[in-house]
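What follows is one structure encoded as structure tokens, with my remarks underneath.
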DNA sequence: ATCTGCCTCATTTTT
DNA sequence: TGAGGCAGAT
């Protein structure tokens, strides 16, 4: 088969070029994956490189798998020898071979964010550091940021009088030591340690330069400095590197991605050649026009002109809800209409949002409307308590130096080892600078009660027994036997409560996943399984064959496409997100995120917003996103809030009153789960009850009041004057609400 | 040692 | 709103 058929001119040029560094600017929907696949197949077919000499780095494991399969379609079984993976998984593979040179062992553990945070908190405690209103989270973010810039503790100097930096300077060295003592790596270590090894050991670098003679990197706009160093080192000898990306789709600067990597490519890699794919095959003309118009508002972007020769298409549709429930309900109705009129399947439709928290309301309402839906992300399977417990055991068996897992399992299920005993062990180990498990080995030297000692000895025996067992039975069998030996099912109260049933089911699910792993992997190991678990992304776990509406964040949607797309929550403060509002750089990134969202849509795009939203239990006014204005009016129907309504005007305040009252009523329905009808009647805009008559008194802070729905409460804040100011009220049984004065009665 | 309930606090996106 | 931390009860 001729590989070059079915490619346009620009795509063909990009595929065929193979004389050195190559940058492909690939606009959204321009056939990027196609070019990557064809290019790899071309390199192999033309015998320019052997399959195993090619390294392709993708953004998700799912994309890696797809790429591999598609290459195999062209070049046959040979294709499975190409090296494909995410930066993190490729690096993990390198480290499994080379890490001993840094003093770690090959069975290292990969720590997740919870583990990282826990370490920071312990350091703060152990070193008696006064956290002066800097959260552990802020420190962790700072450390991660440093690591993505390839700055290790010894190279970091804090700027004076910047508390986060000063604290980080103190904590970072301890943090890194702790990881090493635990034989554990965080996500950033996976990238930074190979760089460290390559720098110090040219012979090891040379080995990998010869192993990976041709390197391709997808989504290059989202690489950070460490990733850049990695690929420039690896490609340093043969200079065969091809990167693909789109600066307009850079959405990961918050985790260190540096858009400069792609913008500077031509200067950094000498004799490079740049290609541009500008024709979009995915979306209608109207969608592309809207996307271009929006992104044009950004500064600092490479010059490009994306166009579509597809049909004109339908207008973009704006939907306006009273509140987020109303917004979701209207999305549901629109989905039904789309499916009926265009004979679509549920899986042809996606709802995108800025934050995971938004999925809850959408899910509730869609379920009520009986629209099958699947949430990607949110509370992940491996984050659930029972699953984390068991996985912590597995992690500990794979690497007994893993103190974080040790802490988690030492008394779960409860075996009589309490806080005091653990503190003793902790102090002992900390003083001797050894792992908790090593400390446990010399428990005779500790000052403990006989009872505590026995409990610890039993635990130790359990561990050694099952360590031995692991050597004599298959991983799959062992995984189950270990859980049985623990009595974990009993601990879950083998029983009838809804919760226990769910948790037991999750453990079974976990065992299934292990069976799956064992039967699809050539040489299954505990450590290999754990690595897979640590590096799966939400999208990797997505079962796209299922016929359901997909709900996911805009970030997760990168690289995907759907005939019909809803972008929800187009409110100021949400998209763009709150603190991006006064920072131009961040605002640019939010806009790119919106751009990514728009360009996921093939045929029809809906943009939705709500007039009020509940934030942390507080109903508050929401104004439409500034991005809506950036879409040319002729491309969109029902654009609201035009003219004077942009700013909060008296007219607008009225709207708020009615809606906050209806929200209260609505929410009460939801609470009582009268649900279905409630939502529909809400839809029909039942007249709002203008209930209470004013008592004649002016509400003041500290007064007790009653409300028709929320009962009694106390006024804690007031905005405005007279009989009808905006009040913040702490209700006895409904928490804090913001309500207008005329809806409450003052108690004498 | 373990459990319960109250209080406080909050950035959001993910490997 | 909801998770996590902590004090006090069992």
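In our numbering, the protein residues as written are 1255 to 2002.
Even glycine gets a Cβ: it sits at the ideal position worked out from N, Cα and C.
- In this chain, residue 1529 is not harboured by any alpha helix (DSSP H); it is covered by the beta strand (DSSP E) spanning 1527-1531.
- The C-alpha of residue 1299 is placed about 50 Å away from the C-alpha of residue 1891.
- For residue 1817, no alpha helix (DSSP H) encloses it; the enclosing beta strand (DSSP E) starts and ends at 1816-1821.
- Per DSSP, the beta bridge partners of residue 1571 are 1860 and 1891.
- Here residue 1701 is exposed: its Cβ has fewer than 16 other Cβ atoms, across all protein chains shown, within 10 Å.
- Looking only at 1473, 1485, 1876 and 1271, the smallest Cα-Cα distance to residue 1445 is reached by 1485.
- The three-state reading of DSSP puts residue 1809 in coil, since its state is none of H, G, I, E or B.
- Taking 9 Å as the cut-off, the beta carbon of residue 1585 is found no closer than this to the beta carbon of residue 1410.
- For residue 1483, the enclosing alpha helix (DSSP H) starts and ends at 1479-1488.
- Residue 1562 is positioned such that its CB atom lies no closer than 9 Å to that of residue 1525.
- The shortest C-alpha to C-alpha distance from residue 1429 to any of 1466, 1478, 1372 and 1515 is the one to 1372.
- A straight-line Cα-Cα distance of about 21 Å links residue 1424 and residue 1658.
- Segment contact: the region 1660-1671 against the region 1783-1795, fewer than three CB-CB distances shorter than 8 Å; contact not assigned.
- Unbroken alpha helix (DSSP H) stretches of 4 residues or longer found wholly inside the region 1732-1812: 1742-1745, 1752-1774 and 1780-1789, given in chain order.
- Per DSSP, reduced to three states, the secondary structure at residue 1999 is strand.
- Cβ-Cβ separation between residue 1306 and residue 1336: approximately 7 Å, consistent with a contact (criterion under 8 Å).
- Listed as beta-bridge partners of residue 1867 by DSSP are 1874.
- Of all alpha-carbon atoms in 1689, 1530, 1730 and 1676, the one lying nearest the alpha-carbon of residue 1707 is that of 1676.
- In this structure, the straight-line span from the alpha carbon of residue 1867 to that of residue 1452 is close to 51 Å.
- If you check the CB distance, residue 1824 and residue 1844 do not come in under 9 Å.
- With a contact defined as Cβ atoms closer than 8 Å, residue 1503 and residue 1289 miss out at about 16 Å.
- Around the beta carbon of residue 1333, 16 or more other beta carbons lie within 10 angstroms, which makes this residue buried.
- Taking the C-beta atoms as reference points, residue 1862 is found nearer than 9 Å to residue 1573.
- For residue 1497, the three-state secondary structure derived from DSSP is strand.
- Sequence-distant partners of residue 1403 (beyond 5 residues in either direction) whose C-beta falls short of 8 Å from its own C-beta, in its chain, are 1478, 1479, 1480 and 1510.
- Between residue 1805 and residue 1616, the CB-CB gap stays under 9 Å.
- Secondary structure of residue 1993 (DSSP, three-state): strand.
- Bridge pairing for residue 1338: 1310 [DSSP].
- In its chain, beyond the 5 residues on either side, 1730 have a beta carbon closer than 7 Å to the beta carbon of residue 1769.
- Residue range 1627-1629 is occupied by the beta strand (DSSP E) that includes residue 1627.
- The beta carbons of residue 1558 and residue 1279 sit closer together than 9 Å.
- For residue 1705, the enclosing alpha helix (DSSP H) stretches over residues 1704-1726.
- Per DSSP, the unbroken alpha helix (DSSP H) holding residue 1287 starts and ends at 1286-1299.
- Per DSSP, residue 1279 is one residue of the beta strand (DSSP E) stretching across 1276-1280.
- Residue 1958 sits in a strand when the DSSP states are folded into three classes.
- The beta carbon of residue 1840 lies closer than 6 Å to those of 1834 in the same chain, with the five residues before and after it left out.
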